[in-house]
Amino acid sequence: MPSTTRAPLHTPKALHQHLLADASALLIVRDPAPGVRPAPGQPGAASDYVRATPDIFVAVLADGRVQAFNGHVDLGTGIRTSLGQIVAEELDVDLSRVKMVLGHTEAAPNQGPTIASATIQIAAVPLRRAAAQARGYLVQRAAQRLGAQPGSLTVEDGVIAAPGGERIDYWTLLREGGTMLRLADDVPVKPARQYRIVGKSAARVDIPGKAVGEPVYVHDVRVPGMLHGRVVRPPYAGRDTGAFVGHSLIGADAGSVADLPGVVQVVVQGDFVGVVARREEQAVRAARQLRVRWRTVPPAPPLDDLAAALRAQPATLRPLKEEGDVEAALARGESLSRQYVWPYQMHASIGPSCAVADFREQGLTVWSGTQNPHMLRIDLDRLLGVGEANIEIVRMEAAGCYGRNCADDVCADAALLSRAVGAPVRVQLSREQEHAWEPKGAAQLMEVRGALDERGNLSAYDFATRYPSNDAPLLALLLTGTVAAGPRVLEMGDRTAAPPYRYPHQRIVCHDIPAIVRAAWLRGVSALPNSFAHDCFIDELAERAGRDPVEFRLHHLDDARAADLLRAVAQRAGWQAGATGSRGQPGGDGLLHGRGVGYARYVHSKFPGFGAAWAAWVADLCVDPATGRIRVRRVVVGQDTGMMVNPDGVRHQVHGNVMQTLSRTLKERVTFTGAGVASLEWGAYPILGFVEVPDVDVVLMPRQDEPPMGAGESASVCGPAALANALFDATGRRWREPPFTPERILAGLAA
7 MPSTTRAPLH TPKALHQHLL ADASALLIVR DPAPGVRPAP GQPGAASDYV RATPDIFVAV
67 LADGRVQAFN GHVDLGTGIR TSLGQIVAEE LDVDLSRVKM VLGHTEAAPN QGPTIASATI
127 QIAAVPLRRA AAQARGYLVQ RAAQRLGAQP GSLTVEDGVI AAPGGERIDY WTLLREGGTM
187 LRLADDVPVK PARQYRIVGK SAARVDIPGK AVGEPVYVHD VRVPGMLHGR VVRPPYAGRD
247 TGAFVGHSLI GADAGSVADL PGVVQVVVQG DFVGVVARRE EQAVRAARQL RVRWRTVPPA
307 PPLDDLAAAL RAQPATLRPL KEEGDVEAAL ARGESLSRQY VWPYQMHASI GPSCAVADFR
367 EQGLTVWSGT QNPHMLRIDL DRLLGVGEAN IEIVRMEAAG CYGRNCADDV CADAALLSRA
427 VGAPVRVQLS REQEHAWEPK GAAQLMEVRG ALDERGNLSA YDFATRYPSN DAPLLALLLT
487 GTVAAGPRVL EMGDRTAAPP YRYPHQRIVC HDIPAIVRAA WLRGVSALPN SFAHDCFIDE
547 LAERAGRDPV EFRLHHLDDA RAADLLRAVA QRAGWQAGAT GSRGQPGGDG LLHGRGVGYA
607 RYVHSKFPGF GAAWAAWVAD LCVDPATGRI RVRRVVVGQD TGMMVNPDGV RHQVHGNVMQ
667 TLSRTLKERV TFTGAGVASL EWGAYPILGF VEVPDVDVVL MPRQDEPPMG AGESASVCGP
727 AALANALFDA TGRRWREPPF TPERILAGLA A
């Protein structure tokens, strides 16, 4: 068990105030500004709140330390290390001097939620400039002291040397007095050829503490006078739309737990029900024993047939792209029509969400594992009405999510309970509550028509995607009736909606539909299902044209970096043009063997969006025709990330993408009943196990002179198509609806 600790008395807010008052510190700051408002149709929240003090990006301290601040958080991606490398590189100091502060609302700038693999690509840009500006200022001061030209000075770990051998360090200069500088837009930064830290693999700074059980997780937080809370959720598991939401509670009998030891209070507001006790096990027992009566709620819509359910929803057609004459090209050429279905899936965080809230007269402090600290602050103000200036989110490490799980919801639970009892309250969700109520990765339906021309090349592509919105308002806002639980429609189905291949005639549309069940972004968002359809379909067209799948893709790729990557991955995998797998005929070992390829560039944000990294897979697998069991033997996965700050960190991210994508494609699917989510424990929602992990060979393209691209999601986007294409190569049958479970494989083979 990890050790626990009391939360520090000096919060990030206190750190921020201390730095602003430190006369010996060099601060690079930005005037405070409200957070960026989300584009119409996009998720998120915004307000006009502006804090009174400036944003600090870099603070160089006279004692030799460097404090740096970024509004994004580390979700296990290693950005704490990579951002530290960027600061150390531009400042010319050792990485060990740099401490990153991430996501705290009262210390870090508001740079929006940690989504879309945008930290290094976008959010790190002002941080890099700030570090370069700090170095430039200190070198200029040193030049005056040393009587030398700034360009003649060299810097190593903060020690500035003149050509004649004279030396002075940053810290000596700062002991003579610091200053505060406004972040400039025109600061020159280092060219890649001068990098000494960026581009070199660095050990993750967060791993040692985790490895020895230091109290780094939000689950470890303990504060003086802390009580323990548990919530009792309504009987409409995982549903957040309908007149019954927030209005189904008949009553909660506080007397039913009055005889239990340690119970402090039963808290009820709308459909929000919670109990507070002095010890955790007392809260658990009280939540189980509390007698709660609910009204009968209408049954959930049937979701056994996802394609039919998605088609049945009211939709708004949104044209995205149209070129040429699609109908004429389809009529002229050899055409195919296919349907691809992606299931509802979970973030499946191993640790259920947890938070600690301390509501006092002077304001609210929340220790949270959120990926959206500033957005959470807006939601908590909507819930409690105390003003954003009086809410501090202290961001702690949490169970990984790669998307939005219940981390925000449990913060609101803790805040409501803390306000009710006038003491700090820790709330830990149960496994069943996390599975039932976490916003799911949305299901998706892709309908495709396409054609080859008379020369066997791509001619027409008609693509329509249906994606239910993934807004998922804060659960407490709905349960308390603070916001209405009406249908919400966002424009989120358009990620990577346009194919990467050259179709002279193409029509791309998105059907925006309201949520069916509670949903939020999950790794790859709608790009992963869209790319699944794109790269399965081109595989079918290549087969129809009698062309090798890799050669056929290369022939229709106009992106030179994409083509270079695909060639590199195919070469590493030993791809043999024209070779085929078992195609339904077992080999001498009785198994069906196949390999498949998939390529994608993750294009995110509202259409047409912008690209993150390029990625490609070649997957080798075998199928036991007697059991339907799939074993993935090897994955060669390549990524072009542009400039890599920490190559080992990128490699780790690629590995993580492969593991999660294998699990999602082969195993994961949320099941539903009329009451809502039915997959309430790991037995009903299995994930990939250690013994199922294949050999993974990672190809990283050397592009250090190119801008950095987001690396957190791209390698997942093309994986499902590679697996489906390998299944075809093994079985001779196409599989268009994951997960590819043994039961589905057996049924398909029998058909």
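For the sequence shown, position 211 matches number 217 in my numbering, and the numbering has no gaps at all.
Note that CB positions come from ideal geometry on N, CA and C, so glycine has one too.
The beta carbons of residue 604 and residue 581 sit about 13 Å from each other, so the pair does not count as a contact at 8 Å. Counted as a single uninterrupted DSSP element, the beta strand (DSSP E) harbouring residue 106 occupies residues 104–108.
Collapsing the DSSP output to three states places residue 565 in coil. Pairing residue 319 with residue 519 gives a Cβ-Cβ distance under 9 Å. In the assembly as shown, residue 371 is a buried residue. Its beta-carbon has 16 or more other beta-carbons within 10 Å.
In this structure, DSSP gives residue 226 a helical state, which the three-state scheme calls helix. Going by DSSP, residue 606 is part of the beta strand (DSSP E) stretching over 598–610. Counting along the chain, the unbroken beta strand (DSSP E) around residue 341 starts and ends at 340–348. Residue 656 places its beta carbon less than 9 Å from that of residue 647. For residue 74, the enclosing beta strand (DSSP E) stretches over residues 72–76.
The criterion of a C-beta distance shorter than 9 Å is not satisfied by residue 551 and residue 332.
The criterion of a C-beta distance shorter than 9 Å is satisfied by residue 63 and residue 133. Excluding sequence positions up to five before and after residue 743, its CB lies within less than 6 Å of the CB of 347, all in the same chain and listed in chain order.
The three-state secondary structure of residue 473, taken from DSSP, is strand.
When the Cα atoms are used, residue 447 and residue 98 turn out to be separated by approximately 42 Å. Taken atom to atom, the span from the alpha-carbon of residue 359 to that of residue 562 is near 45 Å. Counting only residues of its own chain and dropping the five nearest sequence neighbours on each side, residue 497 has a CB closer than 6 Å to the CB of 47 and 518. Scanning 492, 696, 502 and 508 for the CA closest to the CA of residue 470 turns up 502. Within the region 533–560, the runs of alpha helix (DSSP H) at least 4 residues long that lie entirely inside it are, in chain order, 533–551. Residue 79 is not a Cβ neighbour of residue 186, given a cutoff of 9 Å. Under DSSP, residue 278 shares a beta bridge with 275. Note that the region 405–415 touches the region 519–531; at least 3 beta-carbon pairs, one per stretch, sit closer than 8 Å.
In the structure shown, residue 218 falls within a coil segment according to DSSP collapsed to helix, strand and coil.
For residue 96, the CB contacts under 7 Å within the same chain, skipping 5 residues up- and downstream, are 134, 137, 138, 141, 195 and 196 in chain order. A distance below 9 Å separates the beta carbons of residue 411 and residue 353. Residue 126 sits away from residue 174, with the two beta carbons spaced by 9 Å or more.
Between residue 755 and residue 631 the beta-carbon gap is near 6 Å, inside 8 Å, which marks them as a contact. Buried is the label assigned to residue 430, since at least 16 other Cβ atoms lie within 10 Å of its Cβ. The residue from 286, 568, 400 and 521 with its alpha-carbon nearest to that of residue 234 is 286. In the structure shown, the three-state DSSP call for residue 676 is coil.
Looking at the backbone, the Cα of residue 58 and that of residue 226 are separated by about 32 Å. At least 9 Å separates the beta-carbon of residue 707 from that of residue 565.
Proximity to residue 51 across 243, 746 and 388 peaks at 388, based on C-alpha coordinates.
Relative to the Cα of residue 357, the nearest Cα in the group 315, 441 and 274 belongs to 441. The C-alpha of residue 334 is placed about 29 Å away from the C-alpha of residue 607. Judged by their CB atoms, residue 147 and residue 30 are not nearer to each other than the 9 Å cut-off.
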